[in-house]
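These notes concern the structure reproduced below.
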Amino acid sequence: MNVKHYALTGASLLALLGLTVGVAYVDLGWLNTPLAMMISAVKAAIIILFFMHVRGASGLVKLLAVTGFFWLAMMFALAFSDFAARGW
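For the sequence shown, the positions run 66 to 153 when our numbering is used.
Encoded structure:
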């Protein structure tokens, strides 16, 4: 990848950061959190695909990246189930 790709990637991350800050100041009710999470997921995807070079990597690297997210989802599910099972 050349410098142009990195500049566009960085600019898109900064634009998404500005969008996240802008959304934080607008009262959308219950949509604030899901919208902020969607924007952060897009930022994470950009970082993984371009800065971590998963986009042009082999199938094994892509499998390992997906496996890492599956593991993270399992950890969140276990933590949330523990949280939900507690009697407050």
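Beta carbons are placed, not taken as given, at the ideal position from N, Cα and C, and that holds for glycine.
When the options are compared against residue i, the one with the closest alpha-carbon
i     : options                  : result
Asn67 : Trp95, His118 and Ile104 : His118
Own chain residues within Cβ distance below 6 Å of residue i, not counting five before or after
i      : result
Leu100 : Val88
Phe115 : Thr74
Tyr90  : none
Ala130 : Val119
Secondary structure of residue i, DSSP reduced to three states
i      : result
Leu79  : helix
Gly152 : coil
Ala122 : coil
Leu129 : helix
Leu93  : coil
Same chain, Cβ closer than 7 Å to residue i, five either side skipped, listed in chain order
i      : result
Leu78  : Lys108 and Ile111
Leu81  : Ile104, Val107 and Lys108
Arg151 : none
Chain-order list of residues whose beta-carbon lies under 8 Å from that of residue i (same chain, five-residue window excluded)
i     : result
Leu84 : Ile104
Heavy atom of the ligand GTP within 7 Å of residue i beta-carbon
i      : result
Ala122 : In terms of ligand content, the structure shown is empty, and the ligand GTP therefore cannot be addressed.
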